[in-house]
Structure formats: C-alpha cells, structure tokens
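In the working numbering, the protein residues as written are 117 to 299.
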C-alpha cells in the first residue's frame, strides 16, 4: 500500500503553537536543516521548511493586509509600491524595476499602477531621452496615505514580532537577506 503524504499546515500546528511561535519555529528550522539528502523527497526537511515559510508569509500578508485595508483603505500591495517609490531616488522607479522588486510581470505592474494612479497616489513619467522608458512616481497624496498606513503597519509589526528578541530579529533579517540574494 502506498504511503500517504501528510501536509504540514500552521492551522494543524496551531494546537500546540501560536502563530508567532510558528514563525519562530521556521526560523529555527532554517538553521538546522540537515545537509544530507533524504531518501524520501516528500518528507525532506527543505520541503517542509519552504512550506512553513510560505504559510507564515501568507498568514502575515493576510492579517497585516486586512488590518491596513480596514484602517486606511489601502491594499498592502499598494503600500509596498508606494513604500518603494518613496524610498527611491527622486521618488520614482522604472516600471521594470518596480515589477522586479514586487515580483510581478511588467504587464501586472502596469495594471497595478493604473489602479494606483486612478486613486491619485502615483503618476507616470517618461524618460526625456527615451519615451519607451516609463517611471512610476509617488504623488503628495500617495506620500500622505503611505505615512498614515506606515504608522498602523509599524504598530501591527511591533505586535507581531513582540515575542522575538533583537537577536532573533537580526538573525531573521540576515537569513532573509541571504535567501533573497540566492533568487
């Protein structure tokens, strides 16, 4: 009889762990993944770790995004766009750079910018030397709503990460930076 794979989920794991401890668990797992290949790829710790990372991200995205939408009416992906634009030199990025940073196709970022522009939070600018190069630039209204959203977002993040020590957060940041550099 074939073995049935059992999927890990934070929901089933939640009986013995809070969602915050589940996040702490996967950061610990990242450090202790065995380097010896498993004979059963379905049970391999790397697959489990990636699943836990994905679930933790989805859980955080849903919870924090819902709070932001409720508090200021801003979808989280819009917040990410506005944040990246506000932090960029001259408050603007090329559409292709923005697409790369938020992991969308150029077509996807074009449609997203259309919606954010309709709300008055960004505007499109074009390169004077090459009109094929389009930029998204944050407007004053975009900066205003970003500032309001960031205050609530920071409060939510502080609550979420309160159980973690400064060392935990430094380690997490370091691991995520290393992970990002491999992709």
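For each residue, glycine too, the CB sits at the ideal point set by N, CA and C. Everything numeric in this text was worked out from a predicted model, so none of it was measured.
Task: Nearest neighbour of residue 238, chosen from 297, 226, 177 [CA to CA] - done: For this step, residue 238 is matched to residue 122 along the chain shown. If we check each option's Cα against that of residue 238, 226 comes out closest.
Open item on the list: Tell me the DSSP secondary structure of residue 210 in three-state form.
Closed with: Within the chain shown, numbered from 1, the residue matching residue 210 stands at position 94. DSSP, reduced to helix, strand and coil, places residue 210 within a strand of the structure shown.
TODO: Give the DSSP-derived three-state secondary structure of residue 261 in the structure shown.
DONE: Locating residue 261 in the chain shown gives position 145, counting from the first residue. Of the three classes helix, strand and coil, the one that applies to residue 261 here is helix, per DSSP.
Task: Cβ-heavy atom distance, residue 175 to the ligand SAH, below 6 Å - done: The ligand SAH is absent from the structure shown, which contains no ligand whatsoever.
Open item on the list: Less than 7 Å between the C-beta atoms of residue 244 and residue 211, yes or no?
Closed with: By one-based count along the chain shown, residue 244 stands at place 128. By one-based count along the chain shown, residue 211 stands at place 95. For residue 244 and residue 211, no; Cβs fall outside 7 Å.
TODO: Taking residue 269 as the reference, give the member of 164, 194, 168, 207 with the closest Cα.
DONE: As a working note, residue 269 is residue 153 in the chain shown. Out of 164, 194, 168, 207, 194 has the C-alpha closest to the C-alpha of residue 269.
TODO: Please determine if the segment 175-186 and the segment 206-221 are in contact, where contact requires at least 3 C-beta pairs separated by less than 8 Å.
DONE: no
Task: Residues near residue 181 by beta carbon distance below 6 Å, same chain, minus five either side - done: The residue given as residue 181 occupies position 65 in the chain shown. For residue 181, where only same-chain residues beyond five positions count, the Cβ hits under 6 Å are 192.
Task: Three-state secondary structure (DSSP) of residue 138 - done: As a first step, residue 138 must be located in the chain shown, where it is residue number 22. Reliability fails at residue 138, whose pLDDT of 47 lies under 50, so the model's placement of it is uncertain and no value is given.
Task: Cβ pair residue 204, residue 262 closer than 7 Å - done: Working through the chain shown from its first residue, we reach residue 204 at position 88. Working through the chain shown from its first residue, we reach residue 262 at position 146. Not closer than 7 Å, so no.
Open item on the list: Checking 7 Å against the spacing of the C-beta atoms, do residue 253 and residue 207 come in under that value?
Closed with: Position 137 of the chain shown holds residue 253. Position 91 of the chain shown holds residue 207. The answer is yes: Cβ separation under 7 Å.
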